[in-house]
Each structure stands twice: as structure tokens, then as C-alpha cells.
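Just below is one structure, and these are the notes that go with it.
In our numbering, the protein residues as written are 193 to 602.
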């Protein structure tokens with residue numbers, strides 16, 4: 193939850209002095225947050241070790257720890273070893289002080305999970321996305337029902353849930369919590385999702401693009417853990433990218449950064465108009481693959497992506513041709529992303545990423561031939577839960593602000 197970076201004592205003092213007359217209260221708040229970060233980063237820790245790592249005096253640490261213990265943010269747990277003298281009482285960050293919910297609205301499935309303040313998932317539920325009218329209300333009710341279900345399953349009191357974060361498909365205004373355009377969800381235009389969910393759950397709610405959530409999840413708990421420049425390309429019902437640049441999400445001036453499904457890869461299409469679906473989505477998304485499979489295989493019902501990939505691995509010529517067409521478009525798109533952003537890693541997610549090496553190896557080869565810098569190209573380590581982990585991470589980051597307000601009042 194908390195940043196692993198802990199400002200030293202002098203840095204905290206300078207920050208407080210810059211704030212003017214209220215600097216004493218701010219300094220106390222910064223010091224308590226620093227102690228919480230250190231405790232959270234350690235399984236258990238003593239007061240003496242907190243003093244050593246924070247640069248605060250032992251009396252100051254003892255006084256602040258006493259406040260954090262009374263508030264329930266820290267708890268005492270056993271005693272540590274000593275080379276001589278009294279054995280120290282150990283402290284642990286209380287990850288059960290509160291809980292967060294994360295949700296992922298997909299074109300085919302809705303997923304919800306509840307986690308403690310360490311980000312450990314306690315319960316998870318998912319259902320097929322309900323698309324029956326009234327479209328927006330149906331999904332809002334579905335998320336609310338799943339949220340209550342996972343909280344009950346985890347044995348958590350609803351009043352202890354502090355925040356929910358939701359990954360929504362399409363162009364999303366994160367400041368206002370509005371989903372402007374979600375092509376794979378009927379009737380979703382300018383949907384005030386944050387407002388609707390807050391009314392349904394009586395919780396603070398944060399809404400962001402689902403692929404933005406995915407890149408956060410992957411950099412937090414997945415293949416890109418610890419990296420600061422990452423592109424996550426999700427290839428499923430639609431195609432989009434989440435972009436992490438210098439450790440920060442890049443959303444663009446109108447929240448449309450990463451809509452690579454609209455990437456134009458053929459100059460012959462330059463005069464065409466793309467509204468609901470972009471050029472790349474019409475040729476390389478899951479639905480596009482199904483439509484092409486029907487055309488090539490002469491079937492009224494196309495096999496799903498997984499079946500096509502399995503057939504290609506067995507040497508089926510038609511399936512192999514279909515996969516080659518898909519890979520050509522995706523390789524070109526990934527090379528363009530690599531050229532423009534120079535990421536350390538490109539992570540592939542979504543249903544089409546089930547192709548594994550059938551997809552990653554040609555993309556690596558294309559990038560090796562055409563791009564000056566060579567980012568790693570991998571399939572998501574979190575599979576279909578990258579968005580969910582990113583939503584949990586986002587909720588935890590926002591809960592830290594709540595805790596900052598709480599410690600300011602101690």
C-alpha cells in the first residue's frame with residue numbers, strides 16, 4: 193500500500209517548514225506515516241529499529257508508536273532477540289485495520305475481490321457480464337451484489353471496507369469517474385459510474401480505465417514488478433494499452449492515451465472512418481479473430497481463440513494462417529509502441545494472449561528487426577486478474593490518503 197520510499201528526518205522537517213505555521217502538526221503527521229511505511233515494509237519491527245531507520249529519536253518513536261497502537265494501525269506481536277539486556281517488543285502493521293474492494297468490468301466477465309491493507313486477496317467472485325437492459329443499471333447492480341458477496345465470504349464487516357476501485361473498459365475520465373465510451377458494453381456513453389457505485393455501496397469509489405489498472409497490477413504483483421516504464425497491451429474483446437512512464441500512469445490530455453485499438457497500420461485505410469471500433473480492433477481483437485475464423489473455415493459458429501491456437505499448434509493450416517494474420521497486425525502495433533515509448537517491458541494480456549509463444553516470439557522478432565531499443569516482451573503473469581490486482585492497488589493508494597488524515601488527528 194504505502195510507498196517504500198521513506199523521507200529522512202531532515203527531509204520531513206524541511207517539508208513541514210515549507211508549509212508555514214502549521215508545521216508542527218504536519219511534521220508529526222509525516223513522521224507517523226514514515227513509521228507506518230517502515231512497519232508495513234517489514235513483517236515485524238522493533239521500536240529501536242524504527243528509530244534507526246527513520247532517523248527519529250527513540251523517545252519520539254515511542255510517543256508516536258503509542259498513538260498508532262491506540263488507533264489500531266500498529267499492534268504488538270511477541271518479542272525479538274537481544275544481544276544483551278531486555279528483549280524488544282515487536283510491532284506489526286495491522287493489515288486488518290481496513291479493507292478495500294477492487295472490480296474489473298470486462299466485455300465478457302465482471303470480477304470483484306476484497307483485500308486487506310497489505311493487498312492480500314481474501315475473497316474473489318466473478319460472473320458473466322450482464323448486458324440485458326437497462327444496460328448500465330444492470331452492471332452497477334451486478335457489481336454491488338458481487339461486492340457484498342465477497343465481503344461476506346471473507347468474514348469482513350462492511351463498515352470496515354474503506355474504498356473501492358473499478359477498472360472500466362473504454363475512455364474514462366478518472367477525475368470525474370465518468371466512462372465516456374465503452375464499445376463492448378451496450379448503452380455505455382458518458383456513464384457517471386463513480387456516482388452510481390457510490391450511491392449503491394455507500395463507499396468512496398475510484399474509476400479508471402481497465403488497462404490502466406492492468407499495467408498497475410502487473411508492475412505491482414506481476415511480470416513487470418518494480419519496473420517504471422511498461423506498456424500493457426490487452427487483446428480481448430477490444431484492444432487497449434496501459435502506459436506506465438517513469439513510474440506514473442500516462443492518460444493523455446483527454447484520457448484516451450493507450451487506445452491502440454485505433455492504431456492505423458495500413459495507409460489504404462486512411463480515408464476510412466472509425467467510430468465504435470478502431471482499425472486494429474477490427475482485425476486483431478477476439479471478435480475479429482472469430483469473424484475471420486468463420487470466413488476461412490466456412491462454419492456458422494467459429495471456434496474460440498483458445499481452440500484456434502491449439503489447432504495452429506497441431507499444424508492445422510487454416511488455423512495457422514489465421515494466427516499468422518493476427519500476429520502480423522499485433523507485431524506491427526507492438527513495434528510502434530516500443531518505438532514511441534521505449535518501455536522496459538511490453539506485457540501482453542487478455543484472451544488472445546493465450547497464444548503464448550505463438551504470439552510473443554513473432555513480436556520479439558519484429559521488434560528486434562525494426563526497433564532501436566529492445567524491450568522485453570512477455571505474457572501477463574497475472575493472466576486474467578491483472579486488472580483486478582491493479583484496482584486493488586489503486587484502492588490501497590487512495591486509502592493511504594485516508595490514513596494520512598487519520599494520523600493527522602491523533
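Cβ atoms here follow ideal geometry from the backbone N, Cα and C, with glycine treated the same way.
Hey, residue i and residue j: beta-carbon distance below 9 Å or not?
i           : j           : result
residue 602 : residue 260 : yes
residue 369 : residue 387 : yes
residue 591 : residue 314 : no
residue 430 : residue 361 : yes
residue 264 : residue 325 : no
residue 436 : residue 411 : yes
residue 295 : residue 335 : yes
residue 583 : residue 298 : no
Taking 7 Å as the limit between beta carbons, can you name the residues of its chain near residue i, skipping five residues before and five after?
i           : result
residue 596 : 221 and 225
residue 447 : 363, 364, 365 and 366
residue 554 : 519 and 523
residue 566 : 559 and 560
residue 588 : 193, 292, 309 and 311
residue 545 : 427, 551, 571 and 572
residue 320 : 300 and 301
Mapping DSSP to helix, strand and coil, what is residue i?
i           : result
residue 318 : strand
residue 543 : helix
residue 238 : strand
residue 480 : helix
residue 386 : helix
residue 455 : coil
residue 297 : strand
residue 308 : strand
residue 462 : coil
residue 471 : coil
residue 568 : strand
residue 208 : Note on residue 208: pLDDT 47, under 50, position unreliable in the model; the coordinate value appears next. Three-state result, residue 208: helix.
residue 561 : helix
residue 442 : coil
residue 269 : strand
residue 401 : strand
residue 602 : coil
residue 394 : coil
residue 626 : For residue 626 there is no data in the structure shown, the boundaries of the chain being 193 and 602.
residue 284 : strand
residue 303 : strand
residue 432 : strand
residue 381 : strand
residue 506 : coil
residue 227 : helix
residue 313 : strand
residue 534 : coil
residue 365 : strand
Between the alpha carbons of residue i and residue j, how many angstroms are there, rounded?
i           : j           : result
residue 542 : residue 230 : 36 Å
residue 423 : residue 254 : 44 Å
residue 578 : residue 409 : 5 Å
residue 322 : residue 599 : 41 Å
residue 571 : residue 425 : 10 Å
residue 549 : residue 251 : 58 Å
residue 349 : residue 528 : 48 Å
residue 271 : residue 307 : 28 Å
residue 405 : residue 390 : 19 Å
residue 344 : residue 457 : 48 Å
residue 498 : residue 575 : 14 Å
residue 372 : residue 508 : 42 Å
residue 503 : residue 312 : 38 Å
residue 531 : residue 218 : 44 Å
residue 445 : residue 382 : 17 Å
residue 540 : residue 453 : 14 Å
residue 419 : residue 407 : 10 Å
Enumerate in chain order the residues of its own chain whose CB-to-CB distance from residue i is below 6 Å, with the five nearest sequence positions on each side excluded.
i           : result
residue 428 : 478, 542 and 543
residue 317 : 304, 338, 341 and 342
residue 569 : 538, 552, 555 and 556
When you measure from the CB of residue i to every non-hydrogen atom of the ligand COA, does any distance come out below 8 Å?
i           : result
residue 482 : Among the components modelled here there is no ligand, and therefore nothing to report on the ligand COA.
Among residues of its own chain, excluding the 5 on either side of residue i, which ones have a beta-carbon nearer than 8 Å to its beta-carbon?
i           : result
residue 257 : 227, 239, 242, 266 and 283
residue 346 : 291, 306, 314 and 315
residue 279 : 271, 272 and 273
Could you tell me whether the region 441-457 touches the region 503-515, where touching means 3 or more Cβ pairs closer than 8 Å? no
Whether or not the region 394-404 and the region 353-363 are in contact is what I'm after, with contact meaning three or more pairs of Cβ atoms, one per stretch, closer than 8 Å; do they touch? yes
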